[in-house]
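Colleague: Under UniProt numbering, the first residue of the sequence shown carries the number 1, and numbering increases by one thereafter.
Using N, Cα and C, we set each Cβ at its ideal position, and we do this for glycine too.
The structure displayed is predicted, hence computed values, not measured ones.
Quick one: structure below, then a few questions.
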Amino acid sequence: LTGVRANAYYIYIHPYLALLPPSVSPQYDDRPEVFQPPAAEAGTVDQSCLPYWPTTSLSLALSAILCLIPPPQDPQPSGECHVWMRRAYARLYAQAALSSAEKEIDDLVSPNNSTSYAEDDRLHNELPFQLYPVLALVALSIYEYCQCGNVSRMRTRANQAITTAMDLGLHRLDTNASEAHRRAWWSAVSILYHTSVVQVSSPIITANDPRITTPFPKFKAFIDGPEPWPLLLKAQEAYISVSELLGALGLVHKAPTQSLELRDQIYQLDSRIMSLATESEFYMGLTCKDDTEGLAMQGMGLIAYLLLHS
């Protein structure tokens, strides 16, 4: 079932949230099996009701997102009971993912590491189990915001992800760093930035922090355009800078600041945004139908475009 879940991840999640390295297996059409609980358990939401239960935080976190997608066989995907069931199991997976991530983190920083992973729950051959809790927290941050609308928990998960990543030293890697390690680190930074965009607040660390040496990831796609990872981060930084300037002007729940340099800051920021917006326009005309890396690259570029035009 891990291969089925990984395949579903590359179809439904990877184009919008590229957590894992490029797939090493060809994708195939998603053919989910419909889970039909026994009549006596129809209203029960519990792990014991399921035929299979993931054993890692990342598998659980991805399951929380994937189980929200109605299967094609569902005759009433928008039915009240059907929606309730999907959301209830998503919450069950999310809660289990958080508990599992916290245990995995405790074991990673403990001299007596007691976590044992089953090889049949490995999502990708090039993804070390060490990175699972970091990526799980990134996925849970998105889940809390997009599904639950809970900005506070979104920020908490993002802060947990970045703190754990730094504890593991993912921020100070060199050019020999694997794509998996690069994506884990910069995914955590990006989701941290996103929480700052949503909450109109400053992130606990910025991409230009001198302690950060980890190179940006590279998409395995044959597209000759601006690199989307730095473009997205710069777009997020620009959005945060706009919020800070609005705050200085007294337009975002803050007292106005009188500064002779404020006008220059506005002009400089406007120029930077216009330059980034021009770069991001490259992604508006792309068509990547079957290439998961190309779709992820385009998706990231389009997110940057939307931020810069917000």
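Does the distance between the C-beta of G285 and the nearest non-hydrogen atom of the ligand ZN fall short of 6 Å?
Modeller: Questions concerning the ligand ZN fall outside what the structure shown contains, since it holds no ligand whatsoever.
Colleague: With DSSP as the reference, label Y10 as helix, strand or coil.
Modeller: For the purposes of this step, residue 10 is identified with residue 10 of the sequence shown, where counting begins at 1. Correct three-state label for Y10: helix.
Colleague: Under three-state DSSP, which class holds K220?
Modeller: As a working mapping, residue 220 is identified with position 220 in the sequence shown. Of the three classes helix, strand and coil, the one that applies to K220 here is coil, per DSSP.
Colleague: Helix, strand or coil for S23 per DSSP?
Modeller: If you number the sequence shown from 1, residue 23 lands on position 23. In this structure, S23 counts as coil in the three-state DSSP scheme.
Colleague: Give the secondary structure of R122 by DSSP, where H, G and I count as helix, E and B as strand, and everything else as coil.
Modeller: Here residue 122 refers to the residue found at position 122 of the sequence shown. Here R122 sits in coil by DSSP.
Colleague: Taking its Cβ as the centre, do 16 or more other Cβ atoms sit within 10 Å of V242, making it buried, or is it exposed?
Modeller: Within the sequence shown, the letter at position 242 stands for residue 242. Result: buried.
Colleague: For T214 and H124, I'd like the C-alpha separation in whole angstroms.
Modeller: Counted from its first residue, the sequence shown places residue 214 at position 214. Counted from its first residue, the sequence shown places residue 124 at position 124. C-alpha separation (whole angstroms): 21 Å.
Colleague: Does the Cβ-Cβ distance between A71 and V45 come in under 7 Å?
Modeller: Against the sequence shown, residue 71 aligns to sequence position 71. Against the sequence shown, residue 45 aligns to sequence position 45. Going by the sequence as given, residue 71 is Pro instead of Ala. Against a cut-off of 7 Å, the Cβ pair of V45 and P71 comes out as no contact.
Colleague: Whole angstroms is fine: what's the gap from Y267's alpha carbon to R31's?
Modeller: Locating residue 267 in the sequence shown gives position 267, counting from the first residue. Locating residue 31 in the sequence shown gives position 31, counting from the first residue. So the alpha carbons of these two residues sit roughly 52 Å apart.
Colleague: Ignoring anything shorter than 4 residues, give me the alpha helix (DSSP H) runs that lie fully in the segment 260-310, in order along the chain.
Modeller: Correct list: 262-280, 292-308.
Colleague: Nearest to A101 by CA position, among R183, N176, S59, is which residue?
Modeller: Indexing the sequence shown from 1 puts residue 101 at position 101. Residue S59 is the option with its Cα nearest to A101.
Colleague: Quick check on G225: does DSSP put it in helix, strand or coil?
Modeller: Position 225 of the sequence shown holds residue 225. G225: coil per DSSP, three-state reduction.
Colleague: For R183, name the three-state secondary structure that DSSP assigns.
Modeller: Along the sequence shown, one-based indexing puts residue 183 at 183. In the structure shown, R183 sits in a helix (DSSP, three-state: H, G or I).
Colleague: Could you give the DSSP three-state label for G3: helix, strand or coil?
Modeller: Walking along the sequence shown from the start, residue 3 turns up at place 3. Reduced to three states, the DSSP call for G3 is helix.
Colleague: Find out if the Cβ-Cβ distance for the pair E279, P226 is shorter than 7 Å.
Modeller: The residue you call residue 279 lines up with position 279 of the sequence shown. The residue you call residue 226 lines up with position 226 of the sequence shown. In this structure, P226 lies closer than 7 Å to E279 by Cβ.
Colleague: Quick one: any contact between the segment 72-79 and the segment 133-148, if contact means 3 or more CB pairs under 8 Å?
Modeller: Verdict: no, contact absent.
Colleague: Mind the definition here: the segment 9-21 touches the segment 81-96 only if three or more C-beta pairs lie below 8 Å; say whether that holds.
Modeller: The segment 9-21, when compared against the segment 81-96, does not touch it at the 8 Å Cβ threshold.
Colleague: Could you compute how far the alpha carbon of R211 sits from the alpha carbon of W185?
Modeller: The count along the sequence shown starts at 1 and reaches residue 211 at position 211. The count along the sequence shown starts at 1 and reaches residue 185 at position 185. Using only the alpha carbons, I get a separation of about 13 Å.
Colleague: Please go through the same chain and pick out, in chain order, the residues whose beta-carbon is closer than 6 Å to the beta-carbon of G299, but skip the five residues on each side of it.
Modeller: If you number the sequence shown from 1, residue 299 lands on position 299. Once the five neighbours on either side are set aside, the close Cβ partners of G299 are P15, Y16.
Colleague: Assign C146 to one of three DSSP states: helix, strand, or coil.
Modeller: Start at 1 with the first residue of the sequence shown, and residue 146 comes out as number 146. Looking at C146 - three-state DSSP - the assignment turns out to be helix.
Colleague: Just the C-alpha distance for residue 374 and E237, rounded to the nearest angstrom, thanks.
Modeller: This structure gives no information on residue 374, because the portion of the chain shown stretches from 1 to 310.
Colleague: Taking Cβ positions, are P217 and R183 nearer each other than 7 Å?
Modeller: Numbered from 1 along the sequence shown, position 217 holds the residue referred to as residue 217. Numbered from 1 along the sequence shown, position 183 holds the residue referred to as residue 183. In contact: P217 and R183 (Cβ atoms closer than 7 Å).
Colleague: Give the C-beta separation of T164 and I105 to the nearest angstrom, bearing in mind that I take them to be a contact with Cβ-Cβ under 8 Å.
Modeller: Taking the sequence shown and counting its residues from 1, one reaches residue 164 at position 164. Taking the sequence shown and counting its residues from 1, one reaches residue 105 at position 105. Between I105 and T164 the Cβ distance is about 5 Å, and since that is below 8 Å, they are a contact.
Colleague: Which whole-angstrom value is the C-beta distance of S23 and T287, which I expect to be below 8 Å?
Modeller: What you label residue 23 is simply residue 23 of the sequence shown in a count that begins at 1. What you label residue 287 is simply residue 287 of the sequence shown in a count that begins at 1. Actually they do not touch by this definition, with Cβ atoms about 20 Å apart.
Colleague: Check each candidate in R157, H181, E80, L192 and name the one with the smallest Cα separation from L168.
Modeller: Position 168 of the sequence shown, counting from 1, holds the residue named residue 168. Ranking the options by Cα distance to L168, first place goes to H181.
Colleague: Does the distance from the CB of S187 to the CB of V138 come in under 7 Å?
Modeller: In the sequence shown, counting from the first residue as 1, residue 187 sits at position 187. In the sequence shown, counting from the first residue as 1, residue 138 sits at position 138. Yes.
Colleague: Assuming Y93 contacts A136 under a Cβ cut-off of 8 Å, what Cβ separation, rounded to an integer in Å, is found between them?
Modeller: Here the question's residue 93 lines up with position 93 in the sequence shown. Here the question's residue 136 lines up with position 136 in the sequence shown. Incorrect: roughly 11 Å between the Cβ atoms, too far for contact.
Colleague: Starting from the C-beta of A88, find all residues in its chain whose C-beta is less than 8 Å away, skip the five residues before and the five after it, and write them out in chain order.
Modeller: Translated into the one-based positions of the sequence shown, residue 88 becomes position 88. Answer for A88: V45, listed in chain order.
Colleague: Rounded to a whole number of angstroms, what is the C-alpha to C-alpha distance between N159 and L131?
Modeller: Taking the first residue of the sequence shown as 1, we reach residue 159 at position 159. Taking the first residue of the sequence shown as 1, we reach residue 131 at position 131. About 16 Å.
Colleague: Check the C-beta distance from Y10 over to L66 and give it rounded, since I have them as a contact under 8 Å.
Modeller: As a working note, residue 10 is residue 10 in the sequence shown. As a working note, residue 66 is residue 66 in the sequence shown. Between L66 and Y10 the Cβ distance is about 11 Å, and since that is not below 8 Å, they are no contact.
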